[in-house]
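Chains as they are written, first to last, in my numbering: chain C, 25 to 95; chain W, 3 to 293. Below you'll find the structure, written out as structure tokens, and then a few comments.
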Amino acid sequence: MAIPVAVTMAYMNPAWHEYNRGLCRLSAREGSSKEPIVAEGCGHLIQKDSPEFVAEQVVKLLESLCDAASA
Amino acid sequence: MDPMDSRRITLATKPGASLAVNTYTPDNPTSLPLPLSKTLIVFLNGLAAPQTSWKPTLTILLQHHKPSLPALLTYDRYGQGASDPDPTDPPDTPYGHDADTVISDLHQLLSQACRDTLRLPPPGTNDSATTHLIFICNSIGCPLARLYAAAHPGTVPAFLFLDSMMANSDFVSVFPDPDAADFDPTTLPRDVSVRDLRHAREQYGARFHPTVPNGEGLDRRDLPRRLPFADGPVLPPGPDGRPPLVRVVGHDFERFARDGLEVWGSTSWMRAMSEVLGTDGDRDPWLYRWL
Numbered sequence: 025m026a027i028p029v030a031v032t033m034a035y036m037n038p039a040w041h042e043y044n045r046g047l048c049r050l051s052a053r054e055g056s057s058k059e060p061i062v063a064e065g066c067g068h069l070i071q072k073d074s075p076e077f078v079a080e081q082v083v084k085l086l087e088s089l090c091d092a093a094s095a
Numbered sequence: 003m004d005p006m007d008s009r010r011i012t013l014a015t016k017p018g019a020s021l022a023v024n025t026y027t028p029d030n031p032t033s034l035p036l037p038l039s040k041t042l043i044v045f046l047n048g049l050a051a052p053q054t055s056w057k058p059t060l061t062i063l064l065q066h067h068k069p070s071l072p073a074l075l076t077y078d079r080y081g082q083g084a085s086d087p088d089p090t091d092p093p094d095t096p097y098g099h100d101a102d103t104v105i106s107d108l109h110q111l112l113s114q115a116c117r118d119t120l121r122l123p124p125p126g127t128n129d130s131a132t133t134h135l136i137f138i139c140n141s142i143g144c145p146l147a148r149l150y151a152a153a154h155p156g157t158v159p160a161f162l163f164l165d166s167m168m169a170n171s172d173f174v175s176v177f178p179d180p181d182a183a184d185f186d187p188t189t190l191p192r193d194v195s196v197r198d199l200r201h202a203r204e205q206y207g208a209r210f211h212p213t214v215p216n217g218e219g220l221d222r223r224d225l226p227r228r229l230p231f232a233d234g235p236v237l238p239p240g241p242d243g244r245p246p247l248v249r250v251v252g253h254d255f256e257r258f259a260r261d262g263l264e265v266w267g268s269t270s271w272m273r274a275m276s277e278v279l280g281t282d283g284d285r286d287p288w289l290y291r292w293l
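So this is what it looks like as structure tokens:
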């Protein structure tokens, strides 16, 4: 039997989001996520659900690194 | 022609077994924008999705962003996807090897791949010639990346965390315990019953509690102790001496709720495992035979 949607919405999602907010505090580096980015329409396996989104995130990360190096 | 180069690598430290590895080496790394000429992007899988899950992302990157793309590496950990089981796993337990073993194997793999395949200096040498590592990770790959960076400060300038596993959670206590002395059923949302809570606690407990083994043999039991907080221990500085760049991505709430646990947490071995795991599951002789 599946976990009812309401249970996931009431407990697991808020706990996970709070965890992701904690990860945002792992580095004080400017340009890092201040709040988690939500991958719209994606489940847990984000690279399966939207490779386009993941590719875009990788490119943004590379751009930020290059900007920082040339600044 | 596939720009990714597929090969099997036997670690010098673990003869008798090989890892399935895919790499991309830029044609002309010196034309890349600094500091990407000395960078390797490493993709770290979750438990449920091996390196093949990155293929569509790699295809997009290689088709549309090749001029600014540094070297890339994906691999399956021992016991996962197309790689052999860890040859040093003890035969009489499903808890084959821990996260520390995974990160030292990863370090060995990267050192060999840089030297033999990628034409890069080995990472983690703490000098200016070292290769910088960017970790793109899903699920348990995220805590593994944190542990690798902690073991090799000055090596990792950037992380992309894609729905990190909650490394400090038992996944059960996320839900209120209906049997707790202070449990008050009137505080439940209207569309959540006590029965629902019991069911969720049971299902998450059977599949995701850190004591639940997995087909890979990756022992998760000490992760809550190793990474006790989402926000700590903080990540060590990158190669430029500054804190690393971190992008944090989480799942879509509604999509995740609709998926339930089947999509990400219930491969056939997990289902079979949760059926045989009782309170004394890790001592169940049937489980050893089955594994």
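Just so you know, even glycine gets a beta-carbon here, dropped at the ideal spot from N, CA and C.
| Asked | Found |
| --- | --- |
| Curious, which full-length beta strand (DSSP E) runs of at least 3 residues does the region 162-228 of chain W contain? | none |
| Between the Cα of W/Ala115 and the Cα atoms of W/Pro212, W/Phe210, W/Val23, W/Asp261, which residue gives the shortest distance? | W/Val23 |
| Please report the residue range of the alpha helix (DSSP H) in which W/Asp150 lies. | This sequence places Tyr at residue 150 of chain W; Asp is not what is there. First-last of the alpha helix (DSSP H) with W/Tyr150: 143-153. |
| Work out the CA separation of W/Phe173 and C/His41 for me, nearest whole Å. | 14 Å |
| Considering Cα atoms alone, identify which of W/Val104, W/Lys57, W/Val214 is closest to W/Tyr150. | W/Val104 |
| Please work out which residues of its chain come closer than 8 Å, Cβ to Cβ, to W/Asn140, disregarding the five sequence neighbours upstream and downstream, and give them in chain order. | Leu46, Asn47, Gly48, Ala51, Ser55, Leu164, Asp165 |
| Which residues does DSSP list as the beta-bridge partners of C/Val62? | W/Gly252 |
| Does the structure place the region 32-40 of chain C close enough to the region 210-222 of chain W that three or more beta carbon pairs sit under 8 Å? | no |
| With a cut-off of 8 Å, does the C-beta of W/Gln205 fall near any C-beta of chain C? | yes |
| Cα-Cα, which of W/Asp184, W/Val176, W/Thr12, W/Ala208 is closest to W/Asp88? | W/Thr12 |
| Please list, in chain order, the chain C residues whose beta carbon lies closer than 8 Å to that of W/Arg257. | Gly65, Cys66, Gly67, Asp73 |
| Sort W/Tyr26, W/His109, W/Thr90 by Cα distance to W/Met2 and report the nearest one. | Outside the modelled stretch of chain W, which goes from 3 to 293, sits residue 2 of chain W, for which no answer is possible. |
| Using CA coordinates, which residue listed in W/His134, W/Pro239, W/Gly18 is at the minimum distance from W/Ser39? | W/His134 |
| Going by alpha carbons, who is nearest to C/Ser88 out of W/Asp86, W/Gly156, W/Pro58, W/Phe161? | W/Phe161 |
| Helix, strand or coil for W/Asp4, going by three-state DSSP, please let me know. | coil |
| Per the DSSP calculation, C/Ile70 is bridged to which residue(s)? | Partner(s): none; C/Ile70 has no beta bridge. |
| Between W/Lys16 and W/Val194, what straight-line distance do the alpha-carbon atoms span, to the nearest angstrom? | 50 Å |
| Are the beta-carbon atoms belonging to W/Arg203 and W/Phe177 less than 8 Å from one another? | yes |
| Nearest by alpha-carbon distance to W/Glu227: which of W/Ala14, W/Pro238, W/Pro212, W/Ala208 is it? | Contrary to the premise, residue 227 of chain W reads as Arg rather than Glu in this sequence. Ranking the options by Cα distance to W/Arg227, first place goes to W/Pro212. |
| Compare the C-beta of C/Ala95 with all C-beta atoms of chain W and state if any pair is closer than 8 Å. | no |
| Can you check whether the C-beta of W/Val214 is within less than 8 Å of a C-beta belonging to chain C? | no |
| Enumerate, from N- to C-terminal direction, the unbroken beta strand (DSSP E) stretches of 3 or more residues contained entirely within the region 45-132 of chain W. | 73-77 |
| Going by DSSP, what residue range makes up the beta strand (DSSP E) through W/Cys139? | 134-140 |
| Are the C-beta of W/Val248 and some C-beta of chain C separated by less than 8 Å? | yes |
| Can you give me the C-alpha to C-alpha distance between W/Ile136 and C/Lys72, rounded to a whole angstrom? | 20 Å |
| What is the C-beta distance between W/Pro5 and W/Ile43, in whole angstroms, given that I count them as a contact (C-beta under 8 Å)? | With 8 Å as the limit, W/Pro5 and W/Ile43 do not qualify as a contact, their Cβ atoms being about 14 Å apart. |
| Are the C-beta of W/Val104 and some C-beta of chain C separated by less than 8 Å? | no |
| Have a look at W/Thr32, W/Pro28, W/Thr119 and flag the residue whose alpha-carbon is nearest the alpha-carbon of W/Arg9. | W/Thr119 |
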